[in-house]
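Let me begin by presenting the structure, written as structure tokens, before commenting on it.
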Amino acid sequence: MYNLVQHRKKYYILSAILLSISVLLMVYSLATVGSPFRLSIDFTGGVYWEFVLGQDVQPGQVRDVFVARGLGDTAVTTVGDEGNRLQARLKEVSPEVKAEIEQELGAQFGGIETLQYRNVGPVVGGEVTRSALIAVLFASVAIVLWIVFAFRNVPHPLRYGVSAIVAMVHDVVIASGFAALMGILVGYEVDALFLTALLTVLGFSVQDTIVVFDRIRENSRRHMGEDFETIANRSLLETVGRSLTTQINAFFIMVAILLFGGDTIKPFIAVLLVGMLSGTYSSIFNATPLLVTWEHWANKRAREQARMAAAA
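To convert a position in the sequence shown, counted from 1, into our numbering, add 76.
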């Protein structure tokens with residue numbers, strides 16, 4: 077039986093390198109743009125522009141006009157059932173740039189009539205962001221408590237909950253670092269979907285980890301004479317195929333969206349893909365090996381304490 081767990085120090089080193097790079101990327105972004113990521117108008121506010129064109133168009137065609145002028149985070153949607161009435165959310169621009177965009181839209185799509193053009197506040201304000209962080213903290217505590225309850229018949233159930241949370245934090249930091257990297261390299265700006273991606277990553281990360289932990293619980297009863305490392309390794313080997321098969325199916329779908337999907341959803345899918353890749357890795361190579369390391373450390377400490385007591 078191949079021993080995956082025995083190489084845990086290598087997994088820890090790889091994770092430490094990736095986490096360090098992610099943190100450094102966010103620090104660099106903080107120093108250069110004032111935040112860990114480049115923020116879109118969902119966070120900073122901007123301009124709301126509603127207009128009617130001379131013909132029915134697809135929002136993507138209109139958005140291309142804004143993108144050509146460096147306004148890549150512009151969101152364009154139709155209003156109601158009218159194919160020629162649209163609304164755009166974009167960063168504040170000078171009157172000259174607005175006039176140029178208006179002129180090009182009119183030339184390409186048979187004329188334009190502006191219905192509204194006004195400044196708007198951020199869709200995702202500081203209060204929403206704080207609420208999301210509080211929700212994540214609450215969910216983390218709830219996950220730990222639930223795992224402790226579900227694994228109450230296993231020795232040291234708290235270790236399972238803490239290990240799951242460590243893996244979850246690992247995945248969020250990696251996904252956040254990727255978002256910061258894309259902001260530095262290609263100017264990707266995070267929007268409201270970024271928070272959705274992170275919360276989705278949290279869910280998938282815990283789900284994968286729980287599958288392995290549940291198998292450890294089952295094997296602890298079936299193989300009571302084996303040491304914990306052997307049981308953990310056996311459980312990993314029994315579940316790794318299922319985990320990889322499930323995740324690969326999702327990866328194929330996300331890659332297809334990245335290749336053929338719309339530009340507005342690609343950043344969300346990219347962050348989600350990286351986060352889920354990290355989640356698959358951490359559930360196999362971090363969470364369970366961390367349990368084994370904790371077990372070895374606790375046993376070593378117990379032996380030292382027993383030796384000191386005997387010497388006294």
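Think of the CB as a built atom: it goes at the ideal place given N, C-alpha and C, for glycine as much as any other residue.
With DSSP collapsed to three states, give me the class of V196.
strand
What number of angstroms, rounded off, separates the C-alpha of W373 from the C-alpha of A273?
35 Å
Reference T322, options Q283, F344, D339, closest by Cα
Among Q283, F344, D339, the Cα nearest to that of T322 is on Q283.
For the alpha helix (DSSP H) containing N375, name the first residue and the last one.
364 to 387
In chain order, which beta strand (DSSP E) runs of at least 3 residues are fully inside the stretch 172 to 243?
188 to 196
So, at 7 Å on beta carbons, what are the nonlocal neighbours of A256 in its own chain, with the 5 sequence-adjacent residues on each side left out?
L101, M102, S105, P112, F113
Inter-residue spacing [alpha-carbon to alpha-carbon] between G317 and R84:
19 Å
So, does the stretch 135 to 148 touch the stretch 165 to 176, judging by three or more C-beta pairs under 8 Å?
Yes: the two stretches touch, three or more of their Cβ pairs being nearer than 8 Å.
Buried or exposed by the 16-neighbour rule on C-beta atoms within 10 Å, applied to P343
buried
Enclosing alpha helix (DSSP H) for R297 [first to last residue]:
268 to 298
Selection from L129, G136, V287, L95 that minimises the alpha carbon distance to L337:
Correcting the residue type first, residue 337 is Gly in the shown sequence and not Leu. When only C-alpha atoms are compared, the closest one is G136.
Measuring only the C-alpha atoms, how far is F328 from G259?
25 Å
Under three-state DSSP, which class holds Y264?
Y264: coil per DSSP, three-state reduction.
If you draw a straight line from the alpha carbon of G121 to that of E168, how long is it in whole angstroms?
8 Å
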